[in-house]
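Sequential numbering of the sequence shown, starting at 919, is according to the working numbering.
C-beta: ideal position from N, C-alpha, C; glycine also.
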Amino acid sequence: MKNIEYVMGMTKDLIDGKISMMSYVLDFPYEVESRYKQMLRENREYAELIYEELVIHRAYTYHDSGMTEDKFLNNIRKRYKWIKGVERDGFC
919 MKNIEYVMGM
929 TKDLIDGKIS
939 MMSYVLDFPY
949 EVESRYKQML
959 RENREYAELI
969 YEELVIHRAY
979 TYHDSGMTED
989 KFLNNIRKRY
999 KWIKGVERDG
1009 FC
C-alpha cells in the first residue's frame, strides 16, 4: 500500500509540523489525484475514505472555509485519527 501510506504520511507530516499548511493544502490533493488509481488497487475502501475525508471535505475547502490554521489542523488531526482507527478496526 505504498501510495496510501505516502499520502497518509503527508498528513502525519502536517500534524507533526514537518510540512507547512500551505504545502499540504496545495500538494496533498495533487498527490492523491495522481496516485488515486493505484490507491484504489491497493485498497478501494481506504482510498475512497481518504479522498472523501481529507481531500474533498478538508484540503479543497480550506481557503473557502474561513477556518483558522489551528482549527483546520485540529480538523485534519481528528480525521487522520478516525481514518487510522477505521484502518485498524476494519472496514464494514
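Q | Reference E987; option with closest CA among R959, M926, G935, M919 | A | G935
Q) What span of residues does the alpha helix (DSSP H) with M1037 cover, start to end? A) The chain is shown only over 919 to 1010; residue 1037 falls outside these bounds and no answer can be derived.
Q: Ignore the nearest five residues each way along the sequence and tell me which others in Y942's own chain have a CB closer than 6 Å to its CB.
A: So the list reads L932, once near-sequence residues are dropped.
Q: Kindly indicate which three-state DSSP category I937 falls into: helix, strand or coil?
A: coil
Q) Helix or strand or just coil, what does DSSP make of G1003? A) helix
Q: Return the chain-ordered list of same chain residues with a C-beta closer than 7 Å to the C-beta of V950, the five sequence neighbours on each side being excluded.
A: V925, I968, Y969, V973
Q.
If contacts are defined as beta-carbon pairs under 8 Å, then I1001 and A965 qualify, I think. What distance do you get, rounded to the angstrom?
A. Contact flag wrong, Cβ pair sits at about 11 Å.
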